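S.K.: Chains as they are written, first to last, in full-length UniProt numbering: chain Z, 1 to 309; chain D, 1 to 309.
Number of protein chains: 2
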Amino acid sequence: MSLPAVLSPAAEPTDPGWAMKVLLLTGLGALFFSYYWDDNFDPASLQGARVLLTGASAGVGEELAYHYARLGSHLVLTAHTEALLQKVVGNCRKLGAPKVFFIAADMASPEVPERVVQFALDKLGPAPPRPRPPPPGPAPPGQEFVRDAVTRSRHRLQVNFLSYVQLTSLALPSLTDSKGSLVVVSSLLGPVPTSFSSPYSAAKFALDGFFGSLRRELDVQDVNVAITMCVLGLRDRASTAEGFRGVSRAKAAPGPKAALAVIRGGATRAPGVFYPWRFHLLCLLRGWLPHPRAWFIRQELNVSAAAAA
Amino acid sequence: MSLPAVLSPAAEPTDPGWAMKVLLLTGLGALFFSYYWDDNFDPASLQGARVLLTGASAGVGEELAYHYARLGSHLVLTAHTEALLQKVVGNCRKLGAPKVFFIAADMASPEVPERVVQFALDKLGPAPPRPRPPPPGPAPPGQEFVRDAVTRSRHRLQVNFLSYVQLTSLALPSLTDSKGSLVVVSSLLGPVPTSFSSPYSAAKFALDGFFGSLRRELDVQDVNVAITMCVLGLRDRASTAEGFRGVSRAKAAPGPKAALAVIRGGATRAPGVFYPWRFHLLCLLRGWLPHPRAWFIRQELNVSAAAAA
Chain Z
1 MSLPAVLSPA
11 AEPTDPGWAM
21 KVLLLTGLGA
31 LFFSYYWDDN
41 FDPASLQGAR
51 VLLTGASAGV
61 GEELAYHYAR
71 LGSHLVLTAH
81 TEALLQKVVG
91 NCRKLGAPKV
101 FFIAADMASP
111 EVPERVVQFA
121 LDKLGPAPPR
131 PRPPPPGPAP
141 PGQEFVRDAV
151 TRSRHRLQVN
161 FLSYVQLTSL
171 ALPSLTDSKG
181 SLVVVSSLLG
191 PVPTSFSSPY
201 SAAKFALDGF
211 FGSLRRELDV
221 QDVNVAITMC
231 VLGLRDRAST
241 AEGFRGVSRA
251 KAAPGPKAAL
261 AVIRGGATRA
271 PGVFYPWRFH
281 LLCLLRGWLP
291 HPRAWFIRQE
301 LNVSAAAAA
Chain D
1 MSLPAVLSPA
11 AEPTDPGWAM
21 KVLLLTGLGA
31 LFFSYYWDDN
41 FDPASLQGAR
51 VLLTGASAGV
61 GEELAYHYAR
71 LGSHLVLTAH
81 TEALLQKVVG
91 NCRKLGAPKV
101 FFIAADMASP
111 EVPERVVQFA
121 LDKLGPAPPR
131 PRPPPPGPAP
141 PGQEFVRDAV
151 TRSRHRLQVN
161 FLSYVQLTSL
171 ALPSLTDSKG
181 SLVVVSSLLG
191 PVPTSFSSPY
201 SAAKFALDGF
211 FGSLRRELDV
221 QDVNVAITMC
231 VLGLRDRAST
241 AEGFRGVSRA
251 KAAPGPKAAL
261 AVIRGGATRA
271 PGVFYPWRFH
281 LLCLLRGWLP
291 HPRAWFIRQE
301 LNVSAAAAA
C-alpha cells in the first residue's frame with residue numbers, strides 16, 4: 001500500500017500503475033532468481049570422486065561418463081551391452097579418467113543390481129573405514145528405512161498399481177462400448193511425497209503417470225472412456241488413519257463427504273477430484289516452494305514414531 | 001496498458017493502483033472459477049449404472065458403496081476379506097441397491113484381477129451387444145494400446161524403477177558413510193505424462209514418488225545423502241530419439257549440455273535439475289491449464305505412428 005506512494009515521484013505522475021507493475025515483477029523475479037539459482041558448482045570437487053554410472057553405454061549416460069572422465073572422477077560404468085561399454089571406457093581413458101571399470105548387466109533381472117553395487121564397492125573401494133564395526137540390533141539411519149524397500153515396493157506396486165492396470169486393460173473393451181468411466185482413488189501421497197512412505201508414494205505416483213498417459217491415449221484416439229483421478233486426504237473412518245495416529249499431525253476429513261466428492265467427479269467425468277478442496281491448490285503449487293515444504297513436513301511429523309512404523 | 005486508463009474515472013484519483021489490483025484479482029478469480037468449477041452432477045444418471053468397486057470393505061471404498069447404493073446403481077464389490085464385504089453388501093441392500101454382488105479377492109495375486117473383471121461382467125451383464133462380432137486383425141481402439149500394458153508395465157517398473165530402488169538400498173550404507181549423492185535421471189515423462197507412454201510414465205512417476213519420499217526420510221533423520229532428480233528432454237544423441245522420430249514433433253536438445261547440467265546438479269547437491277530450463281517452468285505449472293495442455297499434446301503427436309509404435 002505504501003510502496004506506490006514512495007515510488008510516485010520517480011514514476012510518470014499520470015500512470016503510477018506501471019511503477020507498481022514493474023516493482024511487483026522485479027520483486028517476483030528476484031524471489032524466483034534467489035530460489036531457483038542455487039549454483040556453487042566447483043569442478044575440482046569431482047576429482048577423485050567415486051561414481052557408479054548406470055545406462056552408461058549411450059545417450060545421456062555416455063555423455064555423463066565423458067564429463068566425469070574429464071573431471072578426473074573414478075568410474076564404474078554399467079549398461080546392457082558389453083561392446084558398447086568397452087567403447088565408452090576407451091573414450092573415458094583417452095579423456096584422462098584415472099580409474100574406469102565396467103560391468104555389463106541387464107537391470108531387467110532383479111538379482112543384477114546387487115552384483116553391480118558389490119562390483120563398484122570392490123573396485124572403487126568402500127567408504128573411508130568406520131571407526132567401529134556396525135553395531136548389532138537396529139540398523140543405523142540410512143539403512144533402517146530402506147530395509148525391505150525393494151520387497152515392500154514390489155508388493156505395493158502389485159497391490160496399488162499393477163492390479164489397477166490389469167483391471168483397466170481387462171475392462172476397457174466393455175467400457176469402450178458403454179462409454180464408461182474409470183475412477184482411480186489415489187491419495188495426497190500420489191502427487192506430493194512425504195517421509196516414510198516411499199513404496200506407497202511410488203505406487204501412487206505410478207498410477208498418476210499411467211492413467212495420465214492413458215487419458216491422452218484415449219483422447220487422441222477418440223475413445224470416450226473417462227478417467228477420474230481422485231486425490232483424497234486421510235479419512236476419519238479409514239483403517240489407515242489408525243496407523244497414522246501418532247505419526248502425523250495431519251487432520252482426517254470425513255469419509256462420506258470424500259466418497260461423495262469421488263462419485264460426483266466420476267459421474268461428471270471430471271479429470272480430477274481433490275478432497276479436501278485445499279489439496280487442489282497444494283497440487284497446483286507443488287514444487288513452487290521446496291524449502292518451506294520440507295520445513296512443514298518436518299513440523300508435521302513425529303520422526304521416531306514414523307521410523308518405527 | 002489501456003485498462004488502468006479506462007478504469008481511472010471510477011477509481012480513486014490518487015490511488016489507481018488499487019483499481020488495477022482489484023481488477024486483476026477479480027479476473028484471475030473468474031478465470032480460476034470457470035476453469036475449476038465444472039460440476040453438472042445429476043444423481044439420476046447413476047441409477048442403474050453398473051459399478052465395479054475395489055477396496056470396498058472399508059474406508060472410502062465402503063463409503064462409495066453406500067452412496068452408489070442410495071443412488072440405485074448396480075454394484076459388484078471386491079476386497080480382501082469376505083466377512084467385511086458381506087457386512088457392506090448387507091448395508092447396501094438396506095440402502096436400496098437393486099443389485100449387489102461381491103467377490104473376495106486379494107489384489108496381491110497377479111491372476112486375481114482377471115477373475116474379478118470376469119465376475120463383474122458375468123453378474124452385471126456385458127455392455128450393450130455390439131452390432132457385429134469384433135473383427136479379426138488389429139484390435140479396435142481402446143484395446144490395442146493397452147494390449148500387453150501389464151507385461152510392459154511390469155518390465156518397465158523393473159528396469160526403470162525397481163532396479164534404482166535396489167541399487168539405492170544396497171549403496172546407501174556406503175553413501176551414508178561418505179556423505180554421498182544419488183543422481184536419478186528421469187525425463188519430462190516423469191512429471192508430465194503424454195500419450196502412448198503409460199508404462200514408461202508409470203515407472204518414471206514412481207521414481208519421483210519414491211525418491212521424493214526418501215529425500216524427506218533422509219532429511220528428517222539427518223542423513224547427509226543428497227538426492228538429485230533430473231528431468232531431461234529428448235537428447236539428440238539418445239538412441240530413443242530414433243524411436244520418437246515421426247511420432248513426436250518435439251525438438252531434441254544437445255546431449256553433452258544435458259549431461260553437464262546433471263553433473264552440476266549432482267555436485268552441488270541440488271534437489272532438481274531441469275534441462276532444457278523451460279521444463280522447470282512446465283513442471284511448476286503442470287496441472288494449471290489441463291485443457292490447453294491436452295490440445296497441445298494432440299498437436300505435437302502423429303497419432304497413427306504413435307499407436308503403431
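Think of the CB as a built atom: it goes at the ideal place given N, C-alpha and C, for glycine as much as any other residue.
Fair warning: this is a prediction, and the values are worked out from it, not measured in the lab.
Alpha carbon to alpha carbon, what distance is there between Met-107/D and Gln-158/Z?
M.R.: C-alpha separation (whole angstroms): 7 Å.
S.K.: Could you list which residues in chain C have their beta carbon closer than 7 Å to that of Cys-283/D, in chain order?
M.R.: This model lacks chain C altogether; the protein chains it does include are Z and D.
S.K.: How big is the Cα-Cα spacing for Pro-290/D and Val-51/Z?
M.R.: Each residue's Cα considered, the two are about 40 Å apart.
S.K.: Cβ of His-80/Z less than 7 Å from any chain D Cβ?
M.R.: It does not: the Cβ of His-80/Z has no partner Cβ on chain D nearer than 7 Å.
S.K.: For chain Z, check one thing: does any of its Cβ atoms lie closer than 7 Å to the Cβ of Gly-17/D?
M.R.: Judged by the 7 Å Cβ criterion, Gly-17/D is in contact with chain Z.
S.K.: Just checking my contact of Asp-208/D with Gly-180/D at CB under 8 Å: how many whole Å lie between their CB atoms?
M.R.: In fact, because the Cβ distance is near 21 Å, the residues do not count as touching under 8 Å.
S.K.: Which residue wins for smallest C-alpha separation from Ala-263/Z, given the options Trp-288/Z, Gly-287/Z, Met-229/Z and Arg-278/Z?
M.R.: Before going on, a small fix: residue 263/Z reads as Ile here, not Ala. When each option's Cα is compared against that of Ile-263/Z, the closest is Met-229/Z.
S.K.: Is the segment 277–290 of chain Z close to the segment 193–201 of chain Z, with three or more CB pairs under 8 Å?
M.R.: Too few Cβ pairs lie closer than 8 Å, so no.
S.K.: Please identify, using Cβ separations under 8 Å, the residues of the segment 64–96 of chain Z that lie next to chain D, in order along the chain.
M.R.: Under the 8 Å Cβ criterion, the segment 64–96 of chain Z contributes Leu-64, Tyr-66, His-67, Tyr-68 and Leu-71.
S.K.: Could you please give the first and the last residue of the uninterrupted alpha helix (DSSP H) stretch that includes Lys-204/Z?
M.R.: Here the alpha helix (DSSP H) through Lys-204/Z covers 198–220.
S.K.: So, helix, strand or coil for Arg-286/D, using DSSP?
M.R.: Arg-286/D: coil per DSSP, three-state reduction.
S.K.: Below 8 Å, can you find three or more Cβ-Cβ pairs linking the segment 210–217 of chain D to the segment 211–226 of chain Z?
M.R.: No, the segment 210–217 of chain D is not in contact with the segment 211–226 of chain Z.
S.K.: Evaluate contact between the segment 105–119 of chain Z and the segment 88–96 of chain Z, counting only Cβ atoms and requiring at least three cross-stretch pairs below 8 Å.
M.R.: No, the segment 105–119 of chain Z is not in contact with the segment 88–96 of chain Z.
S.K.: Name, in chain order, the residues that DSSP records as bridge partners for Thr-151/Z.
M.R.: DSSP, once it has assigned bridges, lists no residue as partnering Thr-151/Z.
S.K.: Nearest CA to the CA of Cys-92/Z: which residue from Gln-47/Z, Tyr-200/Z and Ala-65/Z?
M.R.: When only C-alpha atoms are compared, the closest one is Ala-65/Z.
S.K.: Run through DSSP, which three-state label would Val-183/D get?
M.R.: Note: Val-183/D maps to strand in three-state DSSP.
S.K.: Sort Arg-215/Z, Asp-148/Z, Leu-124/Z and Arg-152/Z by Cα distance to Thr-168/Z and report the nearest one.
M.R.: The shortest C-alpha separation from Thr-168/Z is found at Arg-215/Z.
S.K.: What residues from chain Z crowd round Lys-123/D, counting only those whose CB sits closer than 9 Å?
M.R.: By Cβ distance, chain Z contributes nothing, its closest Cβ being about 13 Å from Lys-123/D, past 9 Å.
S.K.: Quick check on Arg-50/D: does DSSP put it in helix, strand or coil?
M.R.: In the structure shown, Arg-50/D sits in a strand (DSSP, three-state: E or B).
S.K.: Let me make sure I understand the geometry here. Which of Ser-57/Z, Asn-224/Z and Thr-151/Z has the alpha-carbon closest to that of Leu-77/Z?
M.R.: Residue Ser-57/Z is the option with its Cα nearest to Leu-77/Z.
S.K.: If you follow the alpha helix (DSSP H) that His-80/Z is part of, which residue opens it and which one closes it?
M.R.: Note, His-80/Z: premise wrong, no alpha helix (DSSP H); not H, not E.
S.K.: So which residues of chain D does Lys-204/Z contact, with C-beta pairs closer than 7 Å?
M.R.: Gly-209, listed in chain order.
S.K.: List, in order along the chain, the chain D residues whose C-beta lies closer than 9 Å to that of Val-22/Z?
M.R.: None at all; the shortest Cβ gap to chain D is about 12 Å.
S.K.: I'd like the list of long-range same chain contacts for Gly-48/Z, defined as Cβ closer than 6 Å, with 5 residues on each side in sequence excluded.
M.R.: If we look at Gly-48/Z and ignore the five residues flanking it on each side, it has no Cβ neighbours.
S.K.: Is the shortest distance between the beta-carbon of Met-107/D and the beta-carbons of chain Z less than 7 Å?
M.R.: So yes, Met-107/D belongs to the interface.
S.K.: Quick one: Cα of Asp-219/Z to Cα of Leu-25/D, how far?
M.R.: Asp-219/Z and Leu-25/D: Cα-Cα distance of roughly 33 Å.
S.K.: Could you check where the alpha helix (DSSP H) with Gly-72/D kicks off and where it finishes?
M.R.: No alpha helix (DSSP H) contains Gly-72/D, which DSSP labels as neither H nor E.
S.K.: With DSSP collapsed to three states, give me the class of Ala-226/D.
M.R.: Three-state result, Ala-226/D: strand.
S.K.: Between Gly-82/Z and the rest of its own chain, which residues show a CB-CB distance below 7 Å, the 5 nearest in sequence each way excluded?
M.R.: Per the sequence shown, residue 82/Z should be read as Glu rather than Gly. Closer than 7 Å at Cβ, skipping near neighbours: Ala-104.
S.K.: Roughly how many angstroms lie between the CA atoms of Leu-175/D and Val-231/D, to the nearest whole one?
M.R.: Cα-Cα distance, rounded: 23 Å.
S.K.: Closest Cβ-Cβ distance between Arg-156/Z and chain D: below 7 Å?
M.R.: Chain D contact via Cβ: absent.
S.K.: Can you list the residues of chain D that Ile-103/Z reaches, using a CB-CB cut of under 9 Å?
M.R.: Within chain D, no residue comes near Ile-103/Z; the closest Cβ sits about 12 Å away, beyond 9 Å.
S.K.: Contact check, Met-20/D vs Gly-17/Z under 8 Å by CB: the rounded distance?
M.R.: Rounded, the Cβ-Cβ distance is 5 Å, consistent with contact.
S.K.: Give the range of the beta strand (DSSP E) segment to which Val-159/D is assigned.
M.R.: That residue, Val-159/D, is in no beta strand (DSSP E); it is neither H nor E in DSSP.
S.K.: Of the residues Ala-226/Z, Phe-161/Z, Val-225/Z and Ser-186/Z, which one's Cα is nearest the Cα of Ala-202/D?
M.R.: Looking at the Cα atoms, Phe-161/Z is the closest of the given residues.
S.K.: In three-state DSSP terms, what is Ala-44/D?
M.R.: Residue state, collapsed to three classes: helix.
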